[in-house]
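Some notes on the structure that comes next.
2 protein chains.
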Amino acid sequence: MSKREALIIAAYEAIAREGFEGLRLRAVAAQAGIDHSTLHHYFGTKQDLVDAVVGHVTDQVRTGASADGSREERLCRHLGMVGAAIAERPELHIVLRELDLRSLRDPRTRATVAAHEEGWRSSLTGFARGEVELVIATVKGASLHPEQAPAVLKDLCQLLRGGRPCTF
Amino acid sequence: MSKREALIIAAYEAIAREGFEGLRLRAVAAQAGIDHSTLHHYFGTKQDLVDAVVGHVTDQVRTGASADGSREERLCRHLGMVGAAIAERPELHIVLRELDLRSLRDPRTRATVAAHEEGWRSSLTGFARGEVELVIATVKGASLHPEQAPAVLKDLCQLLRGGRPCTF
DNA sequence: CACACTCCACCAAGTGGTTGGTTGAGGATG
DNA sequence: CATCCTCAACCAACCACTTGGTGGAGTGTG
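Protein chains in written order, with the working numbering: chain A, 1 to 168; chain B, 1001 to 1168.
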């Protein structure tokens, strides 16, 4: 792993642990085993580093959504995967929630978050717009309680399938 | 409004505007029209001020939930009121989301958030635990898009009522 | 040599918090 | 009435420390 990657990972972990509130360049650099001034060799400003973290997160959440199956099958698959992802990698979804809030103030982050949501929408074609928004809202809220997320999303899936249990 | 209240309001608005990331005692004091050292006359530490803001928020979100009607009627009323609250006072729910994230690191905030959720649960008696968790998750997620929140919650309500439209 | 990389020392601008002191209202005391 | 005292409210100046960021000098490598 290059130093640059190490810095991004360190920043990512710091955000998950302390939030943007507690993101300190010196701490990130120390975590990566270098002096904080060396960090500036890789990232000119703090914002540059944050942007890189945003990119890193974007890479992580690329859903391997395929267009196969009926819309209900795709829904089951989608929610099943997202629920598992939240349970298995809660720190990723903490960072996503931090980014959601940050996107209210930072246009750059907002664009990334919007693109991320767009990805969800495109993997839920065939559903009514309202249903899609409901799914997005619930996924975001569910990531607050990682241990309950899979069950919550399963329940939502079942409701959207008119009562038939989610098959994923 | 006393200076003390003014400081709490100023801090609350600062958190809604800049997040905890951007909360600065000098800015809060200036907003309240006093010197930052005077702020310390009212709140010994930054954490004391934050605690006061948490209390203020708690007061704001007391739901006027009544136990009247069937569980479905209560659900409609509850989601209708929450949806309207999110749309009308988005800044309140931004602060709540900031607190949700902060509660991961601050036990005191965590206790408050937990109590808040408990209030929701008690106003949804009669529903299965999974359904209650689904409602909580969706409400939290929905507050990210205040303008869509009422519609999203209406959709959820309808699903939970087996397809019959929400009456609130 | 040129170049990427690294650290040390440093800086200006804050940060939360403290100190010492002023003001003015209110309550006793004479 | 005048005088003294108390106390909350308030501020200017200051403190120790941290912050993001810079400059320069040294290192190794192609």
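Ideal placement from N, C-alpha and C gives every residue a C-beta, glycine not left out. Source: prediction; values computed, not measured.
Interface flag for B/L1124 against chain A is unset, since no Cβ pair is found closer than 8 Å. With 16 or more other Cβ atoms inside 10 Å of its own Cβ, A/H145 counts as buried. Contact note: B/A1010 does not reach chain A at a C-beta cutoff of 9 Å; the least C-beta distance is about 18 Å.
Not a single CB atom of chain B sits nearer than 8 Å to the CB of A/Q60. Fewer than three pairs of CB atoms, one per stretch, sit closer than 8 Å, so the stretch 1118-1136 of chain B makes no contact with the stretch 1031-1048 of chain B.
Counting along the chain, B/Q1148 sits inside no alpha helix (DSSP H), nor does DSSP assign it H or E at all. Under the three-state reduction of DSSP, A/R89 is assigned to coil, being neither helix nor strand. When the five nearest sequence neighbours on each side are left out, the beta carbons in the same chain lying within less than 6 Å of the beta carbon of B/K1154 are those of C1166, in order along the chain. Restricting attention to B/R1024, B/E1088, B/G1033, B/V1113, the CA atom closest to the CA of B/V1057 is found in B/V1113. Interface flag for B/F1168 against chain A is unset, since no Cβ pair is found closer than 8 Å. Three or more Cβ pairs closer than 8 Å define a contact, and the stretch 1015-1031 of chain B meets that threshold against the stretch 20-31 of chain A. In this structure, A/L49 sits away from A/A32, with a CB-CB distance that is not shorter than 8 Å. Counting the other Cβ atoms within 10 Å of the Cβ of A/P107 gives fewer than 16, which makes it exposed.
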